[in-house]
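Numbering (my numbering), first residue to last: 32 to 417.
Built from N, CA and C at the ideal position, the CB exists for glycine as well.
Pasting the structure below:
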């Protein structure tokens with residue numbers, strides 16, 4: 032029986048040789064390959080600065096700290112995301128709140144954001160907002176920026192799904208409509224470094240802060256020190272930072288993968304278009320793409336018309352899994368998690384996210400997925416639904 036995952040990395044000999052080259056070098060941790068990876072991503076996306084870190088969770092954490100988020104502040108994000116998009120605010124001692132999603136894109140709703148901002152302006156506004164580019168499709172960043180700029184709110188794009196995607200002809204990560212953008216290089220993402228993340232920004236002040244925060248808050252720059260340097264060996268801790276460093280081994284893999292990113296995304300688009308064609312006529316809702324976006328297609332999510340198929344989502348899920356197709360569900364709304372319920376959130380707070388969650392199933396999509404395997408996925412789904 033076939034065993035088809037929902038996502039999977041793709042490595043070749045070039046990737047392996049890049050890692051071997053580092054293993055044979057004098058650098059395994061913080062060496063020159065990290066700068067190569069950072070430069071390659073920054074140039075690809077059109078941003079001035081890039082900071083590689085150990086994970087996208089670490090990237091979100093220190094991005095919030097660099098933005099000055101702290102005790103007494105509020106962070107807003109989408110309920111339809113992995114918990115890291117919200118947890119990063121709590122790590123900083125801030126409170127977290129959510130903005131419901133758009134029923135078509137499953138990204139943060141512009142209407143919901145506008146209404147929430149008007150209400151918050153009379154009470155308390157967020158210091159940071161984190162729009163999440165769900166499944167690889169960009170949020171409506173220009174509209175978000177227009178809405179929050181008036182209130183001087185920092186924008187951090189959670190683009191963990193979206194490296195290589197575009198919005199209005201620009202690469203996600205250009206930071207044209209944000210202060211910072213965060214990428215993930217987990218193995219199921221578009222490209223991988225095994226584990227790792229990166230922050231892009233066009234602001235030099237944020238870049239310098241991020242560099243310190245990823246390495247214990249330490250600087251070797253005499254201009255940032257208190258008092259005179261003791262000599263070339265000298266460093267000072269000027270912030271409370273973390274050991275969030277990426278290794279040269281990881282950076283070598285990531286830098287090699289970046290050379291193939293467009294090929295990876297083209298294949299994902301091909302598979303998505305095949306799904307769109309092959310799944311026509313079924314009692315499901317296919318992913319909808321905004322005309323001004325180019326998705327990275329990290330995920331291909333369908334919604335079941337449960338009132339028409341006479342099956343529960345769980346029954347569909349389990350029958351697909353039984354056939355060797357490892358479908359998944361992205362995401363359980365963050366505000367329904369027990370930890371967040373303890374913080375005062377409850378089911379019913381964000382109805383669009385909850386309705387979406389009840390119907391969503393993620394079908395497999397990744398570079399090495401063969402068309403014959405995709406045909407099998409569609410065949411089984413049709414049988415299950417009928």
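Open item on the list: Taking the alpha carbon of residue 200 as the reference point, which residue from 326, 339 and 146 has its own alpha carbon closest?
Closed with: Ranked by Cα distance from residue 200, the first of 326, 339 and 146 is 326.
- [ ] Using three-state DSSP, classify residue 348 as helix, strand or coil.
- [x] Collapsing the DSSP output to three states places residue 348 in a helix.
TODO: Return the residue from the list 214, 285, 396 and 412 that minimises the CA-CA distance to residue 348.
DONE: In terms of CA proximity to residue 348, 412 leads the group 214, 285, 396 and 412.
TODO: Quick one: grab the DSSP three-state call for residue 280.
DONE: Taken through DSSP and simplified to helix, strand or coil, residue 280 comes out as helix.
Open item on the list: Give me, in chain order, the residues of the same chain whose beta-carbon lies closer than 8 Å to that of residue 203; leave out the 5 immediate sequence neighbours on both sides.
Closed with: Same-chain partners within the cutoff: 76, 164, 169, 188, 190, 193, 194, 195, 196, 197, 212 and 327.
Open item on the list: Looking at the strands, I want to know which residues DSSP matches up with residue 229.
Closed with: 83 and 214.
Task: DSSP bridge partner residues for residue 413 (one or two, in chain order) - done: Answer is none; residue 413 lacks a bridge partner.
Open item on the list: Please give me, in chain order, every unbroken run of the alpha helix (DSSP H) with length at least 4 that falls completely inside the stretch 140-165.
Closed with: 141-151, all fully within the stretch 140-165.
Task: Sequence-distant residues of the same chain with beta carbon closer than 8 Å to residue 272, five excluded per side - done: These residues qualify, in order along the chain: 93, 243, 244, 245, 246, 247, 248 and 249.
Task: the stretch 125-132 in contact with the stretch 172-182 per 3-pair CB rule at 8 Å - done: Between the stretch 125-132 and the stretch 172-182, the count of C-beta pairs closer than 8 Å stays below three; the two stretches do not touch.
Open item on the list: Between the stretch 218-238 and the stretch 277-287, can you find at least three pairs of beta-carbon atoms closer than 8 Å?
Closed with: With contact defined as three or more Cβ pairs closer than 8 Å, the stretch 277-287 and the stretch 218-238 are in contact.
Task: Whole-angstrom distance between residue 416 and residue 340, CA atom to CA atom - done: A direct Cα-Cα distance of roughly 6 Å separates residue 340 from residue 416.
Task: Paired residues, beta bridge with residue 385 - DSSP - done: Its beta-bridge partners do not exist; DSSP assigns none.
- [ ] Using only alpha-carbon positions, find the residue among 136, 382, 124 and 152 that is nearest to residue 317.
- [x] With distances taken between CA atoms, residue 317 lies nearest to 136 out of 136, 382, 124 and 152.
Open item on the list: With three or more C-beta pairs closer than 8 Å as the rule, is the stretch 305-312 touching the stretch 147-167?
Closed with: Counting Cβ pairs under 8 Å, fewer than three are found: no touch.
Task: Among 369, 181, 255 and 354, nearest to residue 158 - alpha-carbon criterion - done: Between residue 158 and the set 369, 181, 255 and 354, the nearest pair of CA atoms involves 181.
Task: Nearest-angstrom beta carbon gap, residue 214 and residue 87 [assumed within contact, 8 Å] - done: The C-beta distance from residue 87 to residue 214 rounds to 7 Å, short enough to fall under 8 Å.
- [ ] In the DSSP assignment, find the beta strand (DSSP E) that holds residue 332 and state where it starts and stops.
- [x] Per DSSP, residue 332 belongs to the beta strand (DSSP E) from 331-335.
TODO: Tell me, please, which residues DSSP counts as bridged to residue 325.
DONE: Within the DSSP secondary-structure output, residue 325 pairs in a beta bridge with 197.
TODO: Identify the continuous beta strand (DSSP E) that holds residue 189 and give its terminal residues.
DONE: Per DSSP, residue 189 belongs to the beta strand (DSSP E) from 185-189.
Open item on the list: Let me check one thing: in DSSP terms, what residues is residue 250 bridge-paired to?
Closed with: According to DSSP, residue 250 bridges with 267.
Open item on the list: Taking 7 Å as the limit between beta carbons, can you name the residues of its chain near residue 266, skipping five residues before and five after?
Closed with: For residue 266, where only same-chain residues beyond five positions count, the Cβ hits under 7 Å are 249, 250 and 251.
Task: Element boundaries [beta strand (DSSP E), containing residue 126] - done: Element bounds for residue 126: 126-129.
Open item on the list: residue 219 and residue 39 - do their beta-carbons sit closer together than 8 Å?
Closed with: Cβ distance < 8 Å, so residue 39 and residue 219 count as in contact.
Task: residue 178 - DSSP class collapsed to helix/strand/coil - done: DSSP places residue 178 in helix when its eight states are reduced to three.
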